[in-house]
Amino acid sequence: MYFDLRPKTRLKDFYNREKELKELLRSIKEKDPLILVLGLRRYGKTSLVLTCLEEYKIPYIYLNCRLLPSLGPVSPKDLALLLTESFNKFLKRRKKYFKRIKELLERIEEISIAGFEVRVKAPKAGYQTVVKILNSINELNEHIVIVVDEAQELRRLARYRFDALLAYTYDHLPNITVVLTGSEIGLLYKLIHKEDPEAPLYGRAYHEIVLKPLTKEQSKDFLIKGFKQKGLNPPNWFINTAVKKLNGVIGWLSYLGYHTSKQRKFSQKTIEKTLQEASKIALAELERFLALRPLARKRYTTLLKEIALLEKASWSKLYKLTQAEIGKIPKPTFNQLLRKLLEANFITKENNKYKITDPVLQYALKHLTSH
Numbered sequence: 479m480y481f482d483l484r485p486k487t488r489l490k491d492f493y494n495r496e497k498e499l500k501e502l503l504r505s506i507k508e509k510d511p512l513i514l515v516l517g518l519r520r521y522g523k524t525s526l527v528l529t530c531l532e533e534y535k536i537p538y539i540y541l542n543c544r545l546l547p548s549l550g551p552v553s554p555k556d557l558a559l560l561l562t563e564s565f566n567k568f569l570k571r572r573k574k575y576f577k578r579i580k581e582l583l584e585r586i587e588e589i590s591i592a593g594f595e596v597r598v599k600a601p602k603a604g605y606q607t608v609v610k611i612l613n614s615i616n617e618l619n620e621h622i623v624i625v626v627d628e629a630q631e632l633r634r635l636a637r638y639r640f641d642a643l644l645a646y647t648y649d650h651l652p653n654i655t656v657v658l659t660g661s662e663i664g665l666l667y668k669l670i671h672k673e674d675p676e677a678p679l680y681g682r683a684y685h686e687i688v689l690k691p692l693t694k695e696q697s698k699d700f701l702i703k704g705f706k707q708k709g710l711n712p713p714n715w716f717i718n719t720a721v722k723k724l725n726g727v728i729g730w731l732s733y734l735g736y737h738t739s740k741q742r743k744f745s746q747k748t749i750e751k752t753l754q755e756a757s758k759i760a761l762a763e764l765e766r767f768l769a770l771r772p773l774a775r776k777r778y779t780t781l782l783k784e785i786a787l788l789e790k791a792s793w794s795k796l797y798k799l800t801q802a803e804i805g806k807i808p809k810p811t812f813n814q815l816l817r818k819l820l821e822a823n824f825i826t827k828e829n830n831k832y833k834i835t836d837p838v839l840q841y842a843l844k845h846l847t848s849h
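Sequence positions in the sequence shown follow my numbering and run 479 to 849.
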C-alpha cells in the first residue's frame, strides 16, 4: 500500500524510484565499498534502501542512528550497543549465520552470547569492540550490506572519527558494503570530511544517489493510485490542493493519504487537520536540532519564522528583520546561523533567496510556533 507510513520493503508498495533502485542494486552487486543515499526528510531514502535489500534478498544489518542518544556526545559504547542490537535482528532474519558468527564473536572479550542473542558487556565496550564486530562480519566470507540510516548523527561520536572507521572498512573489509543515508546532507558531508584532503576517506571513490521530490504530475498520480488502493476516488480539487501544499514530498503525501483514507472523506478541513498533525512532527524534528544549540535557540527560531513568513527572503531583508526582533547580531554570527540551517537542510538557497525546505515545517512556523 502506498499510504503505509512505515518504510517500504516491497516493490509493490514502492512508488516511482525504479531508476534509483536499479542504480543502488547495481552498486551493491558490484560490491562498491561505500554508497551514499541522500535526500531531504521524507523523500523515501530508507524505503529505497530496504526495498532493494528485501526484494533482492541481500543480507544486511540496519542501524537506525535516530536511536542513539539525542543530546550530547555519542560514546563508542553507544555505537557498539546499537551495532549489536542491529546485529541480533540480522541473525533473527538469517539464522544460518548464527553458528559461524558465534564462533567468531566468542573470541571478543567484550561480547557474550546467550542463546541466540549477542550481548555487549557494557563497561568494557568501546571503539575497538565495533572494529572487532566488523572484522567478524567480514570473516563470514559473504557479502553483507551495513546500512547506517541518518548517519549524520554520528558526527557527535566522542573521541573517535567515524570517517576513520569507514576508511578502515573500505580498505580492509572487502565483504562489507556500507550504505549511509542522510537527510541533513551538509552534515553528512561533514561527517565524511568530503572536502578535506587530510581526511581518512579523501580520494576514495564512493557512489552517491540523490533523491528528488516528486513532480506535480507524479504527486497527483501517487495520490490517485494510493486512494484507488483504498477503494476511494478523490475529487480533482482535493488532489490539486494537496499537491500544491505538500510540494512533492512523498512522505507527507503518504501521511495525508493515510489519514484521509481513515476518515473516507475529502474536505478542506481534512487537509488542514492533517497539516496541523504533521506540523507537530516537523516541529519535533526541529526541536532535536535546537536542543543541541540551547544558547542560540531564540536566534534560530526567529530567523526561521522570518523566512517562513516571507516565503523567499534575501540576506539583507532577513538580517534587518531578525535584528529588529531580537537585537544586534554580528554579521559573521548571522552567516553562521544561516550556514548551520543550510547544512541541516531546514532551509535552502535559490537565486540568493532563502526559503524553508519542508512545506509542512513552513506551515508549522507560520501557524503554530509561539517563539
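Every residue, glycine too, gets a C-beta built ideally from N, C-alpha and C.
Quiz item: Using the C-alpha atoms, what's the distance from residue 623 back to residue 419?
Solution: The shown model of the chain, from 479 to 849, leaves out residue 419, and the question about it has no answer.
Quiz item: What residue range is occupied by the uninterrupted alpha helix (DSSP H) comprising residue 749?
Solution: 746–769
Quiz item: Which ranges does the alpha helix (DSSP H) cover as unbroken runs of at least 4 residues, wholly within the stretch 510–574, from first to last along the chain?
Solution: 523–533, 554–571
Practice problem: Under 7 Å Cβ to Cβ from residue 799, same chain only, skipping five residues before and after it: list those, please. | Solution: 784
Quiz item: Roughly how many whole angstroms lie between the Cα atoms of residue 679 and residue 671?
Solution: 8 Å
Quiz item: How should residue 484 be labelled, buried or exposed, when 16 other C-beta atoms within 10 angstroms of its C-beta is the threshold for buried?
Solution: exposed
Exercise. Can you say whether residue 704 is buried or exposed, counting buried as having 16 or more other CB atoms within 10 angstroms of its CB?
Key: buried
Practice problem: Between the Cα of residue 741 and those of 730, 764, 757, 709, spot the shortest distance and give me the residue it belongs to. | Solution: 709
Exercise. Can you give me the start and stop residues for the beta strand (DSSP E) that residue 832 sits inside?
Key: 831–834
Exercise. Spell out a yes or no on whether the stretch 559–577 and the stretch 642–650 are touching, meaning 3 or more CB-CB pairs, one atom from each, closer than 8 Å.
Key: no
Quiz prompt | residue 625 - partner residues in DSSP beta bridges | solution = 540, 657
Quiz item: What residue range is occupied by the uninterrupted beta strand (DSSP E) comprising residue 595?
Solution: 595–598
Quiz item: In whole angstroms, what separates the C-alpha of residue 841 from that of residue 503?
Solution: 37 Å
Self-check item: Contact check, residue 689 vs residue 498, beta carbons under 8 Å
Solution: yes
Self-check item: Backbone secondary structure at residue 826 - three-state DSSP
Solution: strand
Self-check item: Residue of 730, 761, 759 minimising C-alpha distance to residue 749
Solution: 730
Quiz prompt | Limits of the beta strand (DSSP E) - the one that residue 671 falls within | solution = Careful: residue 671 lies outside any beta strand (DSSP E) and carries neither H nor E.
Practice problem: Could you check the C-alpha separation between residue 804 and residue 782 for me, to the nearest Å? | Solution: 13 Å
Exercise. Go ahead and label residue 574 buried or exposed: buried means 16 or more other beta carbons lie within 10 angstroms of its beta carbon, across all protein chains shown.
Key: exposed
Self-check item: Bridge partner(s) assigned by DSSP for residue 685
Solution: 513
Quiz item: Alpha carbon to alpha carbon, how far is residue 833 from residue 533?
Solution: 37 Å
Quiz item: Sorted by chain position, which residues of the same chain lie with C-beta nearer than 6 Å to residue 610's C-beta, five sequence neighbours on each side aside?
Solution: 586
Quiz item: Pairing CB atoms from the stretch 788–799 with CB atoms from the stretch 759–776, are three or more of them under 8 Å?
Solution: no
Quiz item: How many whole angstroms separate the CB atoms of residue 522 and residue 728, which I take to be in contact at a CB cut-off of 8 Å?
Solution: 5 Å
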